[in-house]
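**Q** Just dropping this structure here.
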Amino acid sequence: MLYSWGMYAWRLFGIALHIYTGLVDFHSTEDGVTAQMSYSMSSIFFFGIIRHIYNYIKLSQAAQQLRIEKQQAELNYLRSQTNPHFLFNTLNNIYSLARDKSDLAPESILRLSKILRFMLYETGGEYISIEQELKIIDDYIALEKLRYDDSLRVNFNHDIEDLRQALPPLILIPLVENAFKHGVSETRNQPYVDIHLSVNKRQLAFVVKNSTEKSPEELSVKENIGLSNLRRQLELLYTDYNLSVQQGASAFTATLKINLSSHVKNKEYNKRR
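The sequence shown begins at 0 in numbering that gives the first Met the number 0 and counts up by one.
Structure, rendered in structure tokens:
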């Protein structure tokens, strides 16, 4: 409004000094100001729309950032549950060895310390390499095998095009832990665990099959805290994944498929670009 009035006054000043030639002759100053008011009101209306759009964008960005921070806090909470759960189960295994006065108890404690050291110093970030994840799975399998005799059969194979690809830390270990705690430990005859991991063209497939002994009444799948925790982590981390479990009378199979390109952080990054 001040700009319109100022421009009108400046033009009158120029006309008085014969610098400008009046484009429109107004009968009075009031008529001129009234004519200029239409531009002033248009400017106010235009500014209001721009301001509304700006506030909406800022509010949307703040809401998006708050949602990301909330999801990250929940993810950190879920991970903080995974480590004590893992430690509790492993200590129970070592306790059984110590109670039986097994000579393998010291080695179990040593292997556990290596795993805990890895969890403490290597899993603090958002990602670790697949190679590191394989290492922790190997160490965990070696620790579990100390509890069993030669009757336990463990087969772990993988087909990975690039071992340096990134994964959220400890995303695979819950399925391996579940195979031992709720499968092998409850199998009396010929216990086994078959594990296969493949990662090709950013498509991860992880299949864990273990022996089990279930009566017909127990064939319905009831997810324990480890599987429930993993499922929620996957919901927060990826938009394209599938976790399925199949309970049979003599075998339990867990299958995890992830499109690694669908990581939520990657999606947020692409949106911001």
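Glycine is no exception: its CB is placed at the ideal position from the N, C-alpha and C atoms.
For clarity, every value in this text was computed on a predicted model and none was experimentally measured.
1. Can you find the residues in the same chain that come closer than 7 Å, C-beta to C-beta, to Leu233, ignoring five residues on each side of it along the sequence?
2. Between the Cα of Glu185 and the Cα atoms of Tyr2, Asn177 and Glu212, which residue gives the shortest distance?
3. I'd like the ranges of any beta strand (DSSP E) spanning at least 3 consecutive residues and lying wholly in the stretch 96-162.
4. Secondary structure at Leu255, three-state DSSP: helix, strand or coil?
5. Between the stretch 120-129 and the stretch 165-175, do three or more beta carbon pairs fall short of 8 Å?
6. Using a Cβ-Cβ cut-off of 6 Å (strictly less than) and excluding sequence neighbours within five positions of Phe179, which residues of its own chain qualify?
7. Could you name the residues of the same chain whose beta carbon sits closer than 6 Å to that of Lys270, not counting the 5 residues immediately before and after it, in chain order?
8. Skipping 5 residues on each side, what residues in its chain have a beta carbon closer than 6 Å to that of Leu229?
9. How long is the line joining the alpha carbons of Gly182 and Gln60, rounded to whole angstroms?
10. How about Ala250 and Asn177: are their beta carbons less than 9 Å apart?
11. Does the Cβ-Cβ distance between Leu119 and Thr89 come in under 9 Å?
12. What three-state label does DSSP hand Ser260 in the structure shown?
13. Exposed or buried, which one is Pro190 when buried takes at least 16 other CB atoms within 10 Å?
14. Compute the Euclidean distance between the alpha carbons of Gly47 and Ser39, then round it to the nearest angstrom.
15. What is the DSSP secondary structure of Lys266, counted as helix, strand or coil?
**A** Let me lay it out:
1. Setting aside the 5 residues that flank it on each side, Leu233 is surrounded in the same chain by Tyr240 and Leu242, each with a C-beta closer than 7 Å to its C-beta; the list follows chain order.
2. Glu212
3. 152-159
4. DSSP places Leu255 in strand when its eight states are reduced to three.
5. Note that the stretch 120-129 touches the stretch 165-175; at least 3 beta-carbon pairs, one per stretch, sit closer than 8 Å.
6. Glu143
7. Any reading at Lys270 must be qualified, since the residue scores a pLDDT of 45, below 50, and its modelled position is unreliable; no value is offered.
8. Pro173
9. 47 Å
10. no
11. no
12. helix
13. buried
14. 12 Å
15. Residue placement at Lys266 cannot be trusted, given a pLDDT of 48 that sits under 50; the coordinates are not used to answer.
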